[in-house]
Amino acid sequence: MKLERAAVIGAGAMGAGIAQVLSQAGMEVVLKDVKEEYVERGLKSINKMYESRVKKGALTKEQADERLAAIKGTVSYDDIKDPDIVIEAALEQIDIKLEIFKTLDEICPASTLLATNTSALSVSEIASVTRHPGRVLGMHFFNPAQFMKLVEVIPGVMTSDKTIDQAMTLCRESLGKIPVRVKECPGFLVNRVLFPYMNEALWALCDGTGPVEKRVEEIDAKVVEFGLPMGPFTLFDMTGIDICSHVVDFLYEEYGPRFEPSPLLQLMVKEGQLGQKTGAGFYVHGDKGAEKTVNPKLAGLIEKSGSGKKAESKADFDAFRVILPMFNEAVYALQEDVVAPEDVDTAMQYGCGLKRGLLTIAADKGLDWCLSELSSYQKIGGERFRPSWLLKKLVRARVHDFAPEKEPVAAR
2 MKLERAAVIG
12 AGAMGAGIAQ
22 VLSQAGMEVV
32 LKDVKEEYVE
42 RGLKSINKMY
52 ESRVKKGALT
62 KEQADERLAA
72 IKGTVSYDDI
82 KDPDIVIEAA
92 LEQIDIKLEI
102 FKTLDEICPA
112 STLLATNTSA
122 LSVSEIASVT
132 RHPGRVLGMH
142 FFNPAQFMKL
152 VEVIPGVMTS
162 DKTIDQAMTL
172 CRESLGKIPV
182 RVKECPGFLV
192 NRVLFPYMNE
202 ALWALCDGTG
212 PVEKRVEEID
222 AKVVEFGLPM
232 GPFTLFDMTG
242 IDICSHVVDF
252 LYEEYGPRFE
262 PSPLLQLMVK
272 EGQLGQKTGA
282 GFYVHGDKGA
292 EKTVNPKLAG
302 LIEKSGSGKK
312 AESKADFDAF
322 RVILPMFNEA
332 VYALQEDVVA
342 PEDVDTAMQY
352 GCGLKRGLLT
362 IAADKGLDWC
372 LSELSSYQKI
382 GGERFRPSWL
392 LKKLVRARVH
402 DFAPEKEPVA
412 AR
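Sequential numbering of the sequence shown, starting at 2, is according to my numbering.
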């Protein structure tokens, strides 16, 4: 059955983006939030995006107007009538999501798919408040939803295969997205793999020698040179240092010492240095178009946090110091059957913008080399670099890549 009618709960940046993606696919969309002003703001941002597409020649004005007319804003659940799918994109708070899904379960037909856009919360817990948990799933879009191709599709413990198949088909055939099926776990795949890299950048910054300004710029520059679209400190500032701190704390609680948070991150939150939203984080953010400069308070914050150089570190920053924890966590995810090997590279390329696949890069370097480097960095970073059991197993078996489409290739 083709899904034609949709509702989106939450008209913030993500909800509005998802609503636009659905309308662009020719679907009728109801966009709901709790206040008229939130709905209006969401509709306004969708209108701006369509205007931009018309200016660029991607759509005619008539096409844009037709798609805008397919979106109805509301503050009432009464306007959500017999949708084929509802995607919740409300605040990342479990009590709010549970209340929303209780209501959706009451007002929607049993055939309606109920999806949460949560980036970390339990899909199974959200489904537990419904009478039909088989139709509940996670559909984690990436921001901005209009441009990012990846969607993590996450079944809960009761989600039916039919529900997952319908969601995967919707993403691929109607929305033009690249869906990756991910087993439910804290952080799912992309955030779980991305945050060890971001967290390690903080430790590398604090371990380094020389002026802090140069270290920040060097780490960002070398990571971009490696193949990511932006450096970790630029990403911290863009995302919001408070949000990043919350995610790292959550993953640390779930996974333990591999995610040991840097005290610097927690201090920056306390001091209100949150990135672009407050005008300063790792960089100072002035007027639009102004040259970005490193925050002059950063050196003092590092010293105050007590996270300065404590252990011997390599003289020059090597991008692999932050890439290897990312690779290692991906292998931990494979070890737990969170995702198929062939989907790791897809997810990291389309979810994070990595130019080459993470597992492909590791295979090119050699899994034995990766294990050796992780063990070497473990002397500096301890448990943050503890190699996964699966990686050790593959190296002992003299296997040098993950080769999902064929039998593993043994080293000669």
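Don't be surprised by glycine CBs; every beta carbon is placed ideally from N, CA and C. This one's a predicted model, so the numbers in the text were calculated from it and none came from an experiment.
Each of R136, G241, A320 and G18 was checked against the Cα of I155, and the nearest Cα belongs to R136. Between A17 and V30, the beta carbon gap of about 10 angstroms keeps them out of contact (Cβ cut-off 8 angstroms). The alpha-carbon of F142 is positioned some 10 angstroms away from that of A90. For P156, there is no enclosing alpha helix (DSSP H); the residue is part of the beta strand (DSSP E) that begins and ends at L151 to P156.
The C-beta distance from V152 to L138 rounds to 11 angstroms, too long to meet the 8 angstroms contact threshold. P197 counts as buried, since at least 16 other C-beta atoms from the protein chains shown sit within 10 angstroms of its C-beta. For L23, the enclosing alpha helix (DSSP H) covers residues A14 to Q25.
A straight line joining the alpha-carbon of A300 with that of M349 spans about 32 angstroms. In the DSSP secondary-structure assignment, Y39 is not bridged to any residue.
DSSP places E330 in the uninterrupted alpha helix (DSSP H) bounded by F321 to Q336. For the 8 angstroms CB-CB criterion, V270 and S246 form a contact. Contact between Q336 and W390 holds: CB atoms are separated by about 6 angstroms, below the 8 angstroms threshold. D208 and N144 have their C-alpha atoms roughly 32 angstroms apart. Secondary structure at E52: helix, using DSSP grouped into helix, strand and coil. Within 10 angstroms of the beta-carbon of A8 lie 16 or more other beta-carbons, which makes it buried.
Counted as a single uninterrupted DSSP element, the stretch harbouring T131 is not any alpha helix (DSSP H), since DSSP gives it neither H nor E.
Contact between S77 and N192 is ruled out by a C-beta separation of about 33 angstroms, above the 8 angstroms threshold. Annotated three-state conformation of H247 is helix, per DSSP. Take the alpha-carbon of K103 and the one of R6: they are about 20 angstroms apart.
When the alpha-carbon of T170 is set against those of A26, L99, F403 and Q267, the nearest one is in A26. Under the DSSP assignment, V191 falls in the alpha helix (DSSP H) whose first and last residues are V191 to D208. If the five residues before and after S175 are omitted, its C-beta is found closer than 8 angstroms to the C-beta atoms of K3, L4, A26, G27 and M28, all from its own chain and listed in chain order. In the three-state reduction of the DSSP assignment, R6 falls in the strand class. With a cut-off of 8 angstroms on Cβ pairs, the stretch 272-292 is in contact with the stretch 231-244, counting three or more such pairs. L105 and D34 have their alpha carbons spaced roughly 14 angstroms apart. With 16 or more other CB atoms across the displayed protein chains lying within 10 angstroms of its CB, K98 is buried. In the three-state DSSP reduction, I303 falls in the helix class (H, G or I). Under the three-state reduction of DSSP, E29 is assigned to strand. Going by DSSP, I95 is part of the alpha helix (DSSP H) stretching over I95 to I108.
Apart from sequence neighbours up to five positions away, the residues of its chain that approach R68 with a beta-carbon distance below 7 angstroms are S24, Q25 and Y51, ordered along the chain. The residues V345, D346, T347, M349 and Q350, in chain order, have a CB closer than 8 angstroms to that of G358 in the same chain once the five nearest residues on each side in sequence are set aside.
Check the Cα spacing between L252 and each of E304, P187 and G177: the tightest is with P187.
Annotation for V396: the continuous alpha helix (DSSP H) segment containing it runs W390 to R397. According to DSSP, residue pairing for L115 in a beta bridge involves V87 and V137. Closest in alpha carbon position to R42, among S161, E254, G11 and G383, is G11. In the three-state reduction of the DSSP assignment, P297 falls in the coil class, being assigned neither a helical nor a strand state.
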